[in-house]
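Asks: Chains as they are written, first to last, in this note's numbering: chain H, 115 to 227; chain Y, 890 to 1298. My structure is below; once you've seen it, I'll send some questions.
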Amino acid sequence: MKLVIAIIQPYKLEAVKEELYKSEINLITVSEVLGHGRQKGVTEVYRGAKETGNLLRKVRLEIAVNDNYLEPAIEAIIKGAKTRETGDGKIFVLDLKECVRIRTEERGSVAIG
Amino acid sequence: MVNSGDTAWVLISSALVLLMTPALAFFYGGMVRRKNVLSVLMQCFIIVCALSIQWVLIGYSLSFAPSKGFWGGLQWFGLNGVGLEPYSEYAGTIPHQAFMIFQAMFAIITPALIIGAFAERMKFSAFLVFTLLWATFVYDPLCHWVWGIGGWLRNMGALDFAGGTVVHINAGIAALVTAIILGRRSNLDKNIPTPHNMPFVVLGTALLWFGWFGFNAGSALAANGLAVNAFVVTNTAAAAAGLSWALIEWIHNGKPTIFGVCSGAVAGLVAVTPAAGFISVLPAIVIGLLVSLFCFIAVTIVKPLFGYDDSLDAFGVHCVGGIWGALATGLFASKLVNPAGADGLFFGNPKQFLIQLATVGITIVYTAVITFVIYKLVDLFIGMRVDEKTEAIGLDLTQHHERAYTVLE
C-alpha cells in the first residue's frame, strides 16, 4: 500500500480529479495549502504595494492506493496537472503501513478500495 | 414651487436607490465562486462611477431632454439648463436636479443587473466598454421612449411606474443575449458552481429590499399618498413572493431554502415595480405569489432545457419577473388608486393590457437587437471572453491582481 501526496495548482484540481476518475481512483482527500516553490505567482497589488514573494495557494491531494494502482494514480495526476510551467507541483509517494476502515474495522488492502 | 417635504423624500430615495447597486454586488457576489467575488463587486462599483459621469454629461440629456425623436437632444449636455427650479413636466415640486439625480440611480443599476448573466468569464476591459455603449444606445433611448417628454411609448399610454420595462425587462433581455453569445462557463457540467457565501446573498437581498422603497415609493416624486401606496404594495408583493418561492421549493424539493426566499423576494420586488403606483394591496399579493412560480419555472426548468448559462439568473428573475409585472399592471391598474394612471383589464379596460403587451414586445426586440450589435462590436475590437486558463484561475487575481480571502494571516 502506498500513500500518494500531490501538491498541484488549484486551478488544475478539476482536471486531475477527472483523470483520476478515469483510472477508477475515486477516494481522495483534498485540502487547500500554502507553499513556497521556485515559481512566482500572479502578482497581487494592494494600494500600489506589490506582493510577489508571498506563499502561494496550492491544492494538496492525498490518495491511499494498493500497489497496482500506484502508477495509474501518478499518471493521472501528471496528465491533469502538467502545463510544463514552473509551479505545476510535486508528487510524493510514501509506504503506507496500515489502513483501517472505521465502519467495519477491516484492515489492510481491502480497507483502501 | 419647491416643496421641502417632497424634495427631502426624493433626495433620500435617490440615496436608497444608489445603495441598491452595492446591494446587488453582494447579492451577486455571494453567488459566485470565491475566486470571482471581487470581480463582481468591482463591476458593480465601477458602474456606479462610470455611469454617474456618463449621466450628468450626456445620459440625462439623451434620456429626458424633450424630443419626439429617437432619443432626447443634447441641449442638456453637462446639465446645461438643468437647474434648481422645478421642471414641471417631470416633477413640479422638486428642483429639476433632484429629479435628475434620482433618475441617475436607475441608469446606474440597470446595466449592473446584466452582470448576473455573464459573471465569472468576461474580460474587465471589454465589460467596461460594453456597459458604456449599452447605457448610451440601449438604456438612454428606451428611457426616453417610456418616460421622456415626446417619448412615443409614453404617448401611446404605456404604464411603467418605476421601471419594470425600462429597467428590468431591458436588463433581463440584454442578460439573455449576452449569456447566449458568450457561452457557458467551462466545466459547468462536471462541477456545478455553488454560491461561495450565502450570507452575502441574504445581506444583498435585505439591502435591495430596503433600497427598493426608494425605487418604487420615490417614483411618486413626492411625499404623498401615492408614495405610501407604492411603499405598501412593494413590501406586500416582496413578502408574498418570498413566501411563495419557499413553498414551491418545499413541495418540489422537499426543503425550503434561504436562497429561495431571497430569490423570491427579489422577483416580487421586480414584478411590483411597474405596478406600484397603479394597483392596490390585494393585487400586489397575487402578483407576488405568481411571480415566484414563473421565475422558478424559468430558472429550474427552462434554463437547463435550453442550456444557456445565465450564471446568476439575471434573465430568469429580472426579465421574467419584469414581463409578468408589466402585464399584471395591464390587468390590475385602477384609476381609484391613481387618477393619473389608467384602468386595467380587470377594471374594464382591455386596451391597457394590449398597450402593455406591445410595450413589452417592442422592448424585447429593440434591446435584443442592439445588445447583440454592441456585443459583436466590442468582441471584434477587444474580445469579450477571458481564455480558459484565466477563467480557471479566476477573475479576481487575473483581472485585478487582488484576492478576497487569505488562507493564513
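In this text, a Cβ means the ideal position worked out from N, Cα and C, and glycines have one as well. Computed from a predicted structure; not experimentally measured.
When the cut-off is 8 Å and only beta carbons count, does Y:R1073 lie next to chain H?
Replies: Chain H contact via Cβ: absent.
Asks: With 7 Å as the C-beta to C-beta threshold (strictly closer), list the residues of the region 122 to 138 of chain H near chain Y in chain order.
Replies: Against chain Y - using a Cβ distance shorter than 7 Å - the residues of the region 122 to 138 of chain H are Y125, E128 and E132.
Asks: Determine the chain H residues that contact Y:V1296 at a beta-carbon separation under 9 Å, and present them in chain order.
Replies: The contacting residues are E146, V147, L148, L169 and R171.
Asks: Which residues in the same chain as H:A225 place their Cβ atom closer than 7 Å to its Cβ, once the five residues preceding and following it in sequence are excluded?
Replies: For H:A225, where only same-chain residues beyond five positions count, the Cβ hits under 7 Å are C213, V214 and R215.
Asks: Rounded to whole angstroms, what's the CA-CA distance from Y:A1229 to Y:N1113? Just pull it up for me.
Replies: Rounded to the nearest angstrom, the two C-alpha atoms are 14 Å apart.
Asks: For chain Y, check one thing: does any of its Cβ atoms lie closer than 8 Å to the Cβ of H:T200?
Replies: So no, H:T200 is outside the interface.
Asks: Going by DSSP in three states, H:A178 sits in which element: helix, strand or coil?
Replies: In the structure shown, H:A178 sits in a strand (DSSP, three-state: E or B).
Asks: With burial defined as no fewer than 16 other Cβ atoms inside 10 Å of the residue's Cβ, what is the status of Y:H985: buried or exposed?
Replies: By the 10 Å Cβ count, Y:H985 comes out buried.
Asks: Using a Cβ-Cβ distance cut-off of 8 Å, determine whether H:E189 contacts chain Y.
Replies: Cβ-Cβ to chain Y under 8 Å: no for H:E189.
Asks: Which residues does DSSP list as the beta-bridge partners of Y:Y976?
Replies: Beta-bridge pairing links Y:Y976 to Y:A980.
Asks: Could you give the DSSP three-state label for H:F206: helix, strand or coil?
Replies: Note: H:F206 maps to strand in three-state DSSP.
Asks: Can you pull the chain Y residues whose beta carbon is under 7 Å from the beta carbon of H:T157, in chain order?
Replies: Per Cβ cutoff of 7 Å: H1290.
Asks: Count the C-beta pairs between the region 1048 to 1062 of chain Y and the region 1151 to 1168 of chain Y that are closer than 8 Å, then say yes if the count reaches three, no if not.
Replies: As far as the Cβ criterion goes, the region 1048 to 1062 of chain Y touches the region 1151 to 1168 of chain Y, which means the pair count is three or higher.
Asks: Among Y:G1153, Y:Y1255, Y:P1030 and Y:A1006, whose alpha-carbon lies nearest the alpha-carbon of Y:G1210?
Replies: Out of Y:G1153, Y:Y1255, Y:P1030 and Y:A1006, Y:G1153 has the C-alpha closest to the C-alpha of Y:G1210.
Asks: What residues in the region 1187 to 1211 of chain Y have a beta carbon less than 7 Å from any beta carbon of chain H?
Replies: Against chain H - using a Cβ distance shorter than 7 Å - the region 1187 to 1211 of chain Y contributes no residues.
Asks: What residues match up with H:K116 in a beta bridge as DSSP calls it?
Replies: DSSP output for H:K116 lists H:V179 and H:D209 as bridge partner(s).
Asks: Would you call Y:P1088 buried or exposed, if buried means 16 or more other Cβ atoms sit within 10 Å of its Cβ?
Replies: Burial call: exposed.
Asks: Just the Cα atoms here: how many angstroms apart are Y:G1233 and Y:I1253?
Replies: In a straight line, the C-alpha of Y:G1233 is about 22 Å away from that of Y:I1253.
Asks: List the residues of chain H that Y:K1144 touches, going by C-beta distances under 8 Å, in chain order.
Replies: Under the 8 Å cutoff, chain H gives no residues; its nearest Cβ is about 27 Å from Y:K1144.
Asks: Is it buried or exposed, Y:V1155, if we count other Cβ atoms within 10 angstroms and call 16 or more buried?
Replies: Y:V1155 comes out buried.
Asks: Measuring alpha carbon to alpha carbon, tell me which residue in H:E128, H:N182, H:A178 and H:T218 is nearest H:T143.
Replies: Selected option, being the one with the closest Cα: H:A178.
Asks: Could you check which residue in Y:A1215, Y:L1182 and Y:F1167 has the C-alpha nearest to that of Y:A1129?
Replies: Checking every option, the nearest Cα to that of Y:A1129 belongs to Y:L1182.
Asks: Roughly how many angstroms lie between the CA atoms of Y:F1099 and H:G203, to the nearest whole one?
Replies: If I take the Cα positions, the gap works out to 48 Å.
Asks: Of all Cβ atoms in chain Y, is any one closer than 8 Å to the Cβ of H:Y183?
Replies: No, H:Y183 does not count as interfacial toward chain Y.
Asks: Just to confirm, are Y:F1019 and Y:Y1264 a CB contact at a threshold of 8 Å?
Replies: In this structure, Y:Y1264 lies closer than 8 Å to Y:F1019 by Cβ.
Asks: May I ask you to report which of helix, strand or coil DSSP gives H:R221?
Replies: DSSP places H:R221 in strand when its eight states are reduced to three.
Asks: Compare the C-beta of Y:N1281 against all C-beta atoms of chain H and say whether one is closer than 8 Å.
Replies: Residue 1281 of chain Y is actually Ala in this sequence, not Asn. Judged by the 8 Å Cβ criterion, Y:A1281 is in contact with chain H.
Asks: Within 10 angstroms of the Cβ of Y:W1348, are there 16 or more other Cβ atoms? Answer buried if so, exposed if not.
Replies: The first residue shown for chain Y is 890 and the last is 1298, placing residue 1348 of chain Y beyond what the model contains.
Asks: Any residues in the region 1071 to 1100 of chain Y with a beta carbon nearer than 9 Å to a beta carbon of chain H? Which ones, in chain order?
Replies: So the list reads S1075, N1076, K1079 and N1080, given in the order they occur along the chain.
Asks: Checking 8 Å against the spacing of the C-beta atoms, do Y:A954 and Y:L900 come in under that value?
Replies: Not in contact: Y:A954 and Y:L900 (Cβ atoms no closer than 8 Å).
Asks: Please report the residue range of the alpha helix (DSSP H) in which H:V147 lies.
Replies: Not the alpha helix (DSSP H): H:V147 falls in the beta strand (DSSP E), residues T143 to G149.
Asks: Is the beta carbon of Y:S1108 less than 8 Å from the beta carbon of Y:F1050?
Replies: Yes, the pair counts as a contact, with Cβ atoms nearer than the cut-off.
Asks: Is there a Cβ of chain B sitting closer than 8 Å to that of Y:G1037, yes or no?
Replies: Reference to chain B is not applicable here, since the protein chains of this structure are H and Y.
Asks: My parser needs the alpha helix (DSSP H) runs of 4 or more residues fully inside the region 1108 to 1169 of chain Y; what are they?
Replies: List check, alpha helix (DSSP H) in window: 1114 to 1142 and 1147 to 1161.
Asks: Would the beta-carbon of Y:A1187 fall within 8 Å of that of Y:A1126?
Replies: Their beta carbons are not under 8 Å apart, which means Y:A1187 does not touch Y:A1126 by this criterion.
Asks: For H:Y135, is the classification buried or exposed, using 16 other Cβ atoms within 10 angstroms of its Cβ as the cut-off for buried?
Replies: It is exposed - the Cβ of H:Y135 has fewer than 16 other Cβ atoms within 10 Å.
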